[in-house]
Amino acid sequence: MASLKKRQANLSTSAETMEQQVRERFEAVRLALEKEEQAVLGSLEQEQRENSSRMTRLLNDWNQHLKLVRKHISTVRTLQERGAESRQQVSPGNFSCHKKQDAAELAIGPNDENFQKLMKVLGKISKDLQVRLQKKSLLLDSTVVVIDRTACHRQIKVTLSGRGFYVSPDDSSALIHPLQFDQTCCALGLPAISSGRRYWEVDVHCCSSWAVGVAYGSLHRKGQDKSTKLGRNRLSWSLEFRDGRLSVWHNDRHLTLSARAAPDKVGVFVNYQKGRVAFYDADAVKLLQDFSTSCTGVFERAHHQFTEPVFPAFRFFRARDRQPVPDHMEICDLGL
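Listed below in structure tokens is the structure:
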């Protein structure tokens with residue numbers, strides 16, 4: 000009996016010790032979860048404040064532009080009314096005798112040449128405002144993109160910032176990663192896009208031939224067949240400049256664009272929920288191609304929706320012989 004009582008006491012003590020340990024671990028987990036929750040809430044609040052500030056700046060800009068446009072419209076209407084009054088005064092139906100206008104009166108009258116010049120200036124101002132407003136709208140969805148060093152060809156060298164990258168003939172010091180491209184000179188960027196709207200820009204003016212776009216992470220990395228090349232498969236979409244021609248590619252089908260020259264900067268816009276990829280001439284804020292329902296028949300048999308996260312994607316083509324400076328691209332800093 001004494002032995003049983005002693006064993007019972009030991010079990011009771013052990014149970015209490017285990018209970019205390021469980022409570023301590025539970026408390027530690029609870030505190031860690033609360034800390035993580037606070038950190039997430041803080042991050043969300045910070046992001047909300049930043050978005051609110053950006054929206055406020057955009058609305059203020061829009062209001063200023065709207066006031067300027069209204070002012071110019073009012074000026075144009077006033078000039079039009081004056082011109083109409085002047086034409087009415089000299090209409091053929093008016094047979095009353097008028098004295099001949101002297102030079103001073105002619106000087107203050109409406110001048111068709113100046114009026115046309117003013118209309119051209121106002122038209123240019125209106126066009127510039129539209130471009131600026133569209134650019135600001137795109138920048139609301141801008142995101143920071145960097146090159147994934149583990150997912151690029153060995154000859155692609157990446158700068159310390161992660162935004163600049165170029166082709167080097169020397170790959171002796173390059174590390175080997177299982178996810179890198181071994182033959183096609185491609186690179187993938189970060190972050191992965193699995194929701195929402197994203198926009199970024201790429202400076203390509205120092206690259207003789209290039210491709211910029213997006214790709215699934217399942218894009219093949221080994222070999223040099225079509226499954227590894229941007230736009231030559233169902234896993235990637237690209238805007239490409241090669242042999243002096245600008246074209247867009249997906250599913251190994253392409254459209255040649257009528258642009259007179261390649262853009263210096265390419266804007267890439269992704270709306271993940273709508274399965275949309277759009278390419279822009281970033282400087283002119285001109286839409287070059289929109290992969291959406293409007294071009295489904297050219298590239299797809301059915302309307303496309305993304306089925307997995309997409310990544311920013313880039314490709315260098317073979318450089319020209321004796322090229323003095325290696326081709327390089329740079330992801331633009333949009334001031335985020």
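No gaps in the numbering here: position 166 of the sequence shown is 165 in numbering that gives the first Met the number 0, and each next residue is one more.
Positions of the beta carbon are idealized from the N, C-alpha and C atoms, including for glycine.
Proximity of residue i and residue j at Cβ, strictly below 8 Å
| i | j | result |
| --- | --- | --- |
| alanine 312 | serine 257 | no |
| serine 237 | valine 211 | yes |
| tyrosine 279 | phenylalanine 305 | no |
| alanine 281 | glutamate 200 | yes |
| valine 269 | arginine 153 | no |
| valine 309 | tyrosine 215 | yes |
Per-residue DSSP class, three states only, for residue i
| i | result |
| --- | --- |
| glutamine 288 | strand |
| leucine 121 | helix |
| isoleucine 72 | helix |
| valine 28 | helix |
| arginine 253 | Looking at the sequence itself, residue 253 is histidine, so the reference to arginine does not match. If DSSP states are grouped into helix, strand and coil, histidine 253 belongs with the strands. |
| asparagine 270 | strand |
| glutamate 307 | coil |
| glycine 222 | coil |
| lysine 135 | helix |
Endpoints, beta strand (DSSP E) assigned at residue i
| i | result |
| --- | --- |
| valine 211 | 209-215 |
| arginine 275 | 275-280 |
| methionine 0 | Premise fails: methionine 0 is in no beta strand (DSSP E) and is neither H nor E. |
| tyrosine 198 | 196-202 |
| aspartate 147 | 145-151 |
| leucine 174 | No beta strand (DSSP E) holds leucine 174; DSSP gives it neither H nor E. |
Where residue i falls, given that 16 or more other Cβ within 10 Å makes a residue buried
| i | result |
| --- | --- |
| aspartate 326 | buried |
| lysine 156 | buried |
| aspartate 224 | exposed |
| glutamine 63 | exposed |
| threonine 183 | buried |
| valine 247 | buried |
| lysine 34 | exposed |
| glycine 177 | Residue identity check: residue 177 is proline in the sequence provided, not glycine. Burial call: exposed. |
| phenylalanine 240 | buried |
CB contact below 8 Å: residue i versus chain C
| i | result |
| --- | --- |
| serine 125 | No chain C appears in this structure, which consists of one protein chain only. |
Proximal residues to residue i (C-beta, below 8 Å), its chain only, five neighbours per side dropped
| i | result |
| --- | --- |
| valine 145 | Ser160, Gly161, Arg162, Gly188, Leu189, Ile330 |
Cutoff 6 Å; reference residue i; Cβ partners in own chain excluding five residues on either side
| i | result |
| --- | --- |
| phenylalanine 290 | Trp236, Val276 |
Residues near residue i by beta carbon distance below 7 Å, same chain, minus five either side
| i | result |
| --- | --- |
| threonine 255 | Arg244, Ser246 |
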